[in-house]
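Under the numbering used here, the first residue of the sequence shown carries the number 288, and numbering increases by one thereafter.
Glycine included, C-beta positions come from ideal geometry on N, C-alpha and C.
What you are looking at is a predicted structure, and each value in this text was computed from that prediction instead of being measured.
The structure under discussion appears below in the form of structure tokens.
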Amino acid sequence: MSSSSSSSFGGGQSSWGNHRHARRRGRPIQYRSRVPCASDGAARASSHSHSHSLFARAKVIGGVCARGMGTAQAAASAVALGASAYGGTYHARPRSRRAPQPGPFQNPDRVCTDAIMATTVGAYALQILSGQALTALGAKVNASIAAGQMWRLVTPIALHGGLSHLLVNMYSLNSIGPMMEATFGREQFMAVYLGAGVAGNYASYRFCPSTSVGASGAIFGLAGALAVYLQRHKRYLGERADMQLQSLGTALAVNTMFGLTSRRIDNWGHGGGLVGGALLAYLNGPNLKLENDVDARAGKSSMRRRKLVNRPVLQSAIDSVRRFWEDDDDAWAD
Numbered sequence: 288m289s290s291s292s293s294s295s296f297g298g299g300q301s302s303w304g305n306h307r308h309a310r311r312r313g314r315p316i317q318y319r320s321r322v323p324c325a326s327d328g329a330a331r332a333s334s335h336s337h338s339h340s341l342f343a344r345a346k347v348i349g350g351v352c353a354r355g356m357g358t359a360q361a362a363a364s365a366v367a368l369g370a371s372a373y374g375g376t377y378h379a380r381p382r383s384r385r386a387p388q389p390g391p392f393q394n395p396d397r398v399c400t401d402a403i404m405a406t407t408v409g410a411y412a413l414q415i416l417s418g419q420a421l422t423a424l425g426a427k428v429n430a431s432i433a434a435g436q437m438w439r440l441v442t443p444i445a446l447h448g449g450l451s452h453l454l455v456n457m458y459s460l461n462s463i464g465p466m467m468e469a470t471f472g473r474e475q476f477m478a479v480y481l482g483a484g485v486a487g488n489y490a491s492y493r494f495c496p497s498t499s500v501g502a503s504g505a506i507f508g509l510a511g512a513l514a515v516y517l518q519r520h521k522r523y524l525g526e527r528a529d530m531q532l533q534s535l536g537t538a539l540a541v542n543t544m545f546g547l548t549s550r551r552i553d554n555w556g557h558g559g560g561l562v563g564g565a566l567l568a569y570l571n572g573p574n575l576k577l578e579n580d581v582d583a584r585a586g587k588s589s590m591r592r593r594k595l596v597n598r599p600v601l602q603s604a605i606d607s608v609r610r611f612w613e614d615d616d617d618a619w620a621d
């Protein structure tokens, strides 16, 4: 227990003694709360405008602080991101005021993460019950993919080679998944996870002849997407983005070094997933820009009011092409 905590408890005991004497003298007892209530911050946050809520969403990643790498086995998994924990100051609340913890599929920030974990664990149970027949049907086998079984670029994401392999990957997914889902949104989170998994399996198909299974490539893709998000929004996230990028770089470096020392690790799958996730985040991930707000009554922009607007690169390019063709059609009509 820290010194600050012990001094608080000591202060509480001395205050109770004063209250006891005050009760004897007939004076009214005044209680002073020492624990800040989290609802105060929630009340202030609820009064913010929509632009402020966007900015708060942009700072979700900024509240994450790295605490270092875990075991070597965790590092060998899909970027041992369980080593990252949420930072900031935590104030304990009285047990009577503690809100009930949401169960599976009840937390809106991790619905997709819970669904992926449940599906993956269920698939592993079917692998065991089927006597590895499911593994043979869905693993990444180069000859089978070349013969036209393209589903093998997707199905290995849900399959695993053993219990330890499953646990390490689910630990990593549980660490980074909810954070990424809350920041990217459910649709983009699923697009990055599945797209990176397919990219990793395709890279493994092209450059690794061994049969492989696992969600590591997809989780590496989440790490790549996180790196793109942090780098893109450093102006808003500040030093916390630099800290998380350094932690992410360390995790990737340790993973790469450990992967090069083991023949059982599909480094091509990891690398392909990392690049695929980063590319998807760059093209269609959150791209918040501070723009002038438009006064609807005056019909002109105001330099005083500014807001964060999400402008994904791919969507902006599509909008530009659409505007070009619309202008071109108008010119032909004239």
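- The closest CA to that of residue 430, considering only 506, 499, 414, is found on 499.
- In the DSSP assignment, residue 439 falls outside any alpha helix (DSSP H), carrying neither H nor E.
- When secondary structure is reduced to three states using DSSP, residue 446 falls in the coil class, being assigned neither helix nor strand.
- Taking all protein chains shown into account, residue 528 has 16 or more neighbouring C-beta atoms within 10 Å of its C-beta and is therefore buried.
- Just so you know, the alpha carbons of residue 455 and residue 553 end up roughly 15 Å apart.
- At a cut-off of 4 residues, the continuous stretches assigned as alpha helix (DSSP H) that sit fully inside the region 504–591 are 521–524, 526–547, 554–571.
- Residue 514 holds the alpha-carbon nearest to the alpha-carbon of residue 566 among 514, 491, 412, 540.
- Taking 8 Å as the cut-off, the beta carbon of residue 560 is found no closer than this to the beta carbon of residue 494.
- The beta-carbon separation of residue 546 and residue 486, rounded to 17 Å, does not stay under the 8 Å limit for a contact.
- In this structure, 468 is the residue among 570, 447, 468, 439 with its C-alpha nearest to the C-alpha of residue 399.
- For residue 446, same chain residues with a beta-carbon under 8 Å away, outside a window of 5 residues either side, are 410, 411, 414, 421, 422, 425, 426, 500, 501 in chain order.
- Around the CB of residue 512, 16 or more other CB atoms lie within 10 Å, so the residue is classed as buried.
- For residue 493, the enclosing alpha helix (DSSP H) starts and ends at 473–494.
- In this structure residue 448 is not in contact with residue 490, their Cβ atoms being roughly 18 Å apart against a cut-off of 8 Å.
- Residue 509 sits close to residue 483, with the two beta carbons spaced by under 8 Å.
- Within its own chain, the residues whose Cβ lies closer than 6 Å to the Cβ of residue 464, once the five positions on either side in sequence are excluded, are 400, listed in chain order.
- According to the DSSP secondary-structure assignment, residue 499 is paired through a beta bridge with 427.
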